[in-house]
Structure formats: C-alpha cells, structure tokens
Amino acid sequence: MAGTSHTRNPFTQVETPAVGVTVEHLSKNFGSLKVLKDVSFAVQPGEIFVLMGPSGSGKSVLLKHIVGLELPTAGRVAVDGHDAASEETRERVRMALVFQSGALFNSLSVYDNLALYPREHRLADEAGIRQKVMHALKILSLEGTAKKFPADLSGGMKKRVAIARALVMEPQLMLYDEPTSELDPVMSATISEIIASLRVEYRVTTIVVSHDRDLALNIADRVGILMDGKLIFLGPPSELKQPKDPIVADFLTPKIDLQHPRFKQLET
Amino acid sequence: MKQITAILEGFGSTLQLLIRSIGYAGTLPRQWGRFIEQCYMIGYTTLPIVAILSFFIGSVLALQAGYSMQNFGTQQFIGSLVGLSMARELGPVMVAILVAGRVGSAIAAELASMKVYQEVDALVTMNIPPARMLVMPRLAASLVMVPVLALIGDLVGWFGGAIVSKYTAIISIEPEAYFAVLRHYTHFKDVLNGLVKAEIFGFVVVLVCCNIGLNTRGGPREIGASVTRAVVVSLILILVLDYFVTQILT
Chain A
600 MAGTSHTRNP FTQVETPAVG VTVEHLSKNF GSLKVLKDVS FAVQPGEIFV LMGPSGSGKS
660 VLLKHIVGLE LPTAGRVAVD GHDAASEETR ERVRMALVFQ SGALFNSLSV YDNLALYPRE
720 HRLADEAGIR QKVMHALKIL SLEGTAKKFP ADLSGGMKKR VAIARALVME PQLMLYDEPT
780 SELDPVMSAT ISEIIASLRV EYRVTTIVVS HDRDLALNIA DRVGILMDGK LIFLGPPSEL
840 KQPKDPIVAD FLTPKIDLQH PRFKQLET
Chain B
8 MKQITAILEG FGSTLQLLIR SIGYAGTLPR QWGRFIEQCY MIGYTTLPIV AILSFFIGSV
68 LALQAGYSMQ NFGTQQFIGS LVGLSMAREL GPVMVAILVA GRVGSAIAAE LASMKVYQEV
128 DALVTMNIPP ARMLVMPRLA ASLVMVPVLA LIGDLVGWFG GAIVSKYTAI ISIEPEAYFA
188 VLRHYTHFKD VLNGLVKAEI FGFVVVLVCC NIGLNTRGGP REIGASVTRA VVVSLILILV
248 LDYFVTQILT
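Line order of the protein sequences matches chains A and B.
Here the first sequence stands for residues 600 to 867, numbered as in this note's numbering.
Here the second sequence stands for residues 8 to 257, numbered as in this note's numbering.
The structure is reproduced here in structure tokens:
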C-alpha cells in the first residue's frame with residue numbers, strides 16, 4: 600500500500616487528503632435480476648484495489664454505485680464517509696471514472712476533452728488550463744494528439760486520453776472500468792504501469808475493475824473477486840498465486856479442456 | 008395502464024428537467040459560445056427550409072382562396088386571408104413542425120447518442136450537470152430563434168401570396184392592393200399572438216426532445232427509437248397545445 604493518506608496534486612504538487620471508500624451490504628436488483636448480493640468491503644486511502652470477476656458478475660455496476668451513477672437497492676456506499684449518491688459528495692470529493700469505452704466527447708478535440716472539467720469549474724484561466732492539459736498529455740505521452748478528435752485515435756490512445764482527462768480533474772479517487780480490455784498485451788502492460796505510477800506519483804486512491812490477472816497480480820494492494828454478485832475473495836494478490844478456493848483457481852487459471860468443454864457442461 | 012404510466016413518467020421527467028434547467032439560467036453568460044452555436048443550429052440552419060415552405064404555403068393559400076373567392080367577386084380580400092392565416096396559425100405551426108423535424112430530431116439523436124456512449128455519465132462523474140451544459144443553452148436559443156423563424160415565415164408567406172395573386176389570371180391583384188388589404192386586416196396583435204405561439208411550441212419541442220434523448224437506455228438501436236419518439240411526441244404536443252394556446256390568446 601502507498602503508506603500515505605494524502606493525494607498530491609499532479610500540477611500544483613499540493614497535497615490533499617486521499618479518500619477511502621466503504622461498501623456496506625450493497626445489493627442491487629434490476630427488476631427480478633439480482634446483480635449484487637450483500638457486497639461489503641472497504642478501500643483504504645491511497646490503496647490500489649482491483650475488483651475482478653467474470654463478465655456479468657456485477658463489477659461495473661458496483662463501480663457505478665461508487666461514483667453515484669446507480670442507486671443501491673439495499674445497503675450503502677460511502678466515499679470519504681459521505682453517501683456516494685449525493686451531489687454534495689461529488690462536489691466535496693473529486694472522483695474520476697475512466698470508462699471502459701473511454702466515453703470521450705466525440706464532438707470535442709482531445710484538447711477540449713481534457714479542458715472541459717477545469718473550464719466548467721473555472722479552476723484556472725485559459726493559460727493555466729492549457730498548461731494543465733499539456734502536462735497531462737505529456738504524462739501519458741500524448742502530446743501529438745491535442746488537436747485530434749476521438750474518432751481519429753486508436754483504442755489504446757483513447758484509453759490513455761481518458762486517463763489524461765481523469766488526471767486533469769486532479770482526483771482524490773480514480774476509478775477504472777476495464778482499462779486493459781480490447782488492448783494488445785504490450786498496451787495492457789503500459790496501461791497497468793501508468794495506473795501504478797499515477798498512484799506512486801500522486802497517491803490517489805485507485806479502484807480498478809478488470810479481468811486482467813497480470814494487472815491484478817502486479818499492481819494491486821488488494822484484490823476482490825466478484826462472482827455472480829457475491830464477493831468470494833478479498834485479500835492481497837499474493838494469496839491469488841496459489842488460491843485455495845477451486846472456483847477462484849478456475850477463474851484465474853482456467854484450463855482449456857477439449858475432452859470436457861465447459862459449454863457442453865452448461866448445456867447439460 | 009403501462010402506457011399511461013409511461014406518459015406520466017415522461018411528463019414528470021420533462022418537468023424535472025425544465026426546473027433543473029431554469030435553475031442554471033444564471034450560467035448562460037459564461038456559456039455564451041454554446042448559446043450562439045445553438046442559435047446557429049436552430050435558427051440559421053433551419054432558415055432555408057422555413058423560407059421555402061412558407062413561400063409555398065402562402066402561395067397555395069392565395070391560389071386556393073383565389074379559386075373560391077372569385078365566385079363571390081371577393082378576390083381583393085385575399086391579402087387579409089393570407090395575412091391572418093399565416094400570422095395567426097400557419098406560420099407558427101409550420102415553423103414548429105419544421106423545428107421538430109429538423110432541430111428536435113437532431114437534438115434527440117445527439118443526446119441519445121451521448122447517453123448510449125456514456126458521455127452523459129462522464130459529465131455526471133465530472134460534476135457537470137447535463138441540464139446545465141446540454142439543455143439550458145438549447146432552451147435559451149429556442150426562445151430567441153423560433154419566433155424569429157416564425158416572423159420570417161410570415162413575411163415570406165405573405166410575399167408568396169402576393170406573387171401568386173399578381174401572376175394568376177383568375178386573381179390578378181397588384182401587390183400594392185394585396186398588401187394594403189393585408190395591412191388593414193392583419194394587426195400587430197395577430198402577428199404577436201403567432202410569435203407567442205411559436206415561442207411556446209419551439210420551447211416545448213426542444214425541451215421534450217432533450218428529455219427523450221437524455222432518457223435513452225440500451226444500445227445504438229435505441230437512438231433511432233428515441234429520435235422517432237421525440238418527433239412524434241413533439242408533433243402531437245404542437246397540435247394539442249395549438250388548440251389550447253389559441254383558446255387562451257383569442
């Protein structure tokens with residue numbers, strides 16, 4: 600773990616308190632479909648917490664609860680002790696979510712995508728905003744893309760622009776939704792390195808939702824595994840190297856069994 | 008029952024969006040660029056089609072009236088018929104319908120696309136209320152531009168009527184006579200009532216289309232469904248409101 604409880608502003612180097620996240624008995628239903636079932640865990644300030652699980656296990660829905668985009672059916676999610684769903688919490692705590700798709704504004708250039716937050720919140724004059732934006736682009740090695748539009752970028756570049764846009768927000772809490780999905784192994788490793796180095800540099804609390812085993816084992820302080828809406832594992836990544844739970848082991852190191860294929864078992 | 012619930016939900020969410028957007032009216036001066044951009048979208052890009060349509064509506068009105076009125080020898084009053092019809096009814100309603108088809112559909116498509124591709128969610132996580140950035144400048148622009156379009160529609164429609172009245176053999180009324188009758192029977196209040204109607208219709212169309220776009224759920228297929236819904240609801244609302252607003256204004 601980072602061993603500090605302060606986030607350092609990447610631009611001013613001023614330190615602000617890092618924030619913790621608490622999820623208490625969280626359940627979420629969409630109609631009759633139970634997506635999250637009594638999930639509880641806490642993320643410490645400055646920690647990198649990686650949430651893993653198969654597709655459809657409820658990871659992204661859980662992430663949306665933390666940023667207040669979804670309301671719990673039961674239970675509570677608190678950021679820095681305050682209800683995650685309230686607008687006051689968004690005003691009090693700077694949270695940035697890097698969406699799986701990037702969610703870049705297609706009608707804006709990369710520069711304007713990054714400048715939107717400081718402009719809307721009047722954090723600096725145009726010269727100051729330019730400095731912030733160009734610095735964030737430089738951190739992510741994206742200096743040449745400022746005038747480009749999202750449609751002109753590759754998948755890896757979009758992810759990095761999304762991270763740069765989050766960085767401009769000077770967040771106390773960074774959330775990543777599948778940051779390495781649809782990327783080649785080298786770009787996946789690069790993104791993992793960026794996430795880890797941003798935590799080291801700026802001590803931001805980080806929650807990553809991912810399928811990526813290498814990312815979890817290499818950069819996480821702690822890992823949670825969500826399966827069918829339930830948290831079935833919570834602990835340091837070292838415990839995942841030789842998992843005791845056969846379900847966890849099968850998820851992390853699935854064997855391709857041509858004699859007894861899984862889809863055939865599902866059919867029966 | 009399900010459809011009634013959906014209508015009530017739509018009404019409630021539209022009202023909520025209206026209240027939230029009005030709450031951000033004070034931010035308009037620092038959203039000047041977006042306001043001007045929306046004025047351009049709603050006003051300038053719609054102007055050619057408004058002009059063409061209004062010209063031919065005025066022309067057809069004069070032509071139809073000419074054929075009927077010649078039987079009574081009253082074709083010299085065509086100017087009053089075209090003037091009043093365009094100012095009080097056809098001008099504002101046709102402009103509102105064009106705004107629904109041309110601007111409302113574009114707004115619904117853009118906001119639905121932003122919703123489906125999580126751009127709206129990104130705004131929320133950045134603590135930038137969509138009502139402030141996406142809705143308020145559009146509503147303000149509709150208040151300014153739709154009456155302007157309606158006024159231009161009236162003028163072009165009157166002009167179309169004048170040309171048809173002069174060059175159609177059975178009517179053959181000089182523009183001076185046509186406009187003299189038009190001025191005599193069409194009062195400032197008639198034009199103003201039409202502009203008020205256009206103002207209301209344009210505002211409602213933009214509000215409804217914003218709300219339907221922002222409430223889009225699902226995948227890309229839903230973007231098309233939202234656009235269709237936005238235009239259909241807008242057209243129904245224009246005609247329903249037209250009755251009630253006309254009742255109030257007369």
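Don't be surprised by glycine CBs; every beta carbon is placed ideally from N, CA and C.
Query	Result
Closer than 8 Å to chain A by CB, Val131 (chain B)	yes
Helix, strand or coil at Met600 (chain A) [DSSP, three-state]	Residue placement at Met600 (chain A) is poorly supported in this model, since its pLDDT is 47, which falls under 50; the coordinates still yield a value, given next. Met600 (chain A) falls in the coil class under three-state DSSP.
Ser700 (chain A) at chain B interface by Cβ criterion, 8 Å	yes
Straight-line gap, Pro644 (chain A) to Gly667 (chain A) (C-alpha atoms, nearest Å)	19 Å
Bridge-paired residues (DSSP) for Gly834 (chain A)	A:Val822
8 Å Cβ cutoff met for Val106 (chain B) and Ile49 (chain B)	yes
Residues, ordered as in the chain, of the stretch 106 to 125 of chain B that lie near chain A by beta-carbon distance below 7 Å	Tyr124, Gln125
Through-space distance from Ala795 (chain A) to Asp811 (chain A), alpha-carbon basis	14 Å
Residues near Phe698 (chain A) in its chain [Cβ-Cβ closer than 6 Å; skip 5 each side]	Asp776
Any chain A beta carbon closer than 8 Å to Asn134 (chain B)	yes
Any C-beta of chain B under 8 Å from that of Leu722 (chain A)	no
Proximal residues of chain B, C-beta to C-beta of His696 (chain A) below 7 Å	Residue 696 (chain A) is actually Leu in this sequence, not His. The answer, in chain order, is Thr132.
Within chain B, the residues that Glu687 (chain A) reaches when beta carbons sit closer than 9 Å	Within 9 Å Cβ-Cβ: nothing; Glu687 (chain A) doesn't reach chain B, min ~10 Å.
Runs of alpha helix (DSSP H) lying entirely within the stretch 128 to 187 of chain B, each at least 4 residues, in chain order	143 to 174
Coarse secondary structure for His194 (chain B), derived from DSSP in three states	coil
Cβ-Cβ separation, Gly652 (chain A) to Met768 (chain A) (assumed contact under 8 Å), whole Å	Rounded, the Cβ-Cβ distance is 27 Å, inconsistent with contact.
Contact between the stretch 842 to 861 of chain A and the stretch 680 to 700 of chain A (3+ Cβ pairs under 8 Å)	no
Local Cβ density within 10 Å of Leu68 (chain B), reported as buried at 16 or more and exposed below that	buried
Candidates B:Val110, B:Gln125, B:Ser120, B:Glu117: closest to Ser700 (chain A) by CA position	B:Gln125
Same chain, Cβ closer than 8 Å to Leu24 (chain B), neighbours up to 5 away in sequence not counted	Ala138, Val142, Leu214, Cys217, Asn218, Leu221
Min CB distance Asp197 (chain B) to chain A below 8 Å	no
8 Å Cβ cut-off: residues of chain B touching Leu668 (chain A)	Asp128, Val131, Thr132
Enclosing alpha helix (DSSP H) for Met773 (chain A) [first to last residue]	Segment 772 to 776 is the beta strand (DSSP E) holding Met773 (chain A); no alpha helix (DSSP H) there.
Contact under 8 Å by Cβ, Leu703 (chain A) with Ala761 (chain A)	yes
Cutoff 8 Å: Phe704 (chain A) Cβ touching any chain B Cβ	yes
8 Å Cβ cutoff, Met768 (chain A) in contact with chain D	Among the chains of the structure shown, chain D does not appear; the protein chains present are A and B.
Exposure label - Asp161 (chain B); buried when at least 16 CB within 10 Å	buried
Pairwise C-alpha distance: Gly201 (chain B) and Ala94 (chain B)	5 Å
Check whether Thr175 (chain B) and Leu70 (chain B) have beta carbons under 8 Å apart	yes
Between the CA atoms of Leu189 (chain B) and Ser87 (chain B) - distance to the nearest angstrom	4 Å
Partner residues on chain B for Glu719 (chain A), Cβ-Cβ distance less than 8 Å	Met133, Ile135, Met140
Closer than 8 Å to chain B by CB, Tyr710 (chain A)	no
Tyr716 (chain A) at chain B interface by Cβ criterion, 8 Å	yes
Terminal residues of the alpha helix (DSSP H) in which Glu687 (chain A) lies	686 to 691
Inter-residue CB distance, Thr744 (chain A) and Met756 (chain A) (contact presumed, cutoff 8 Å)	6 Å
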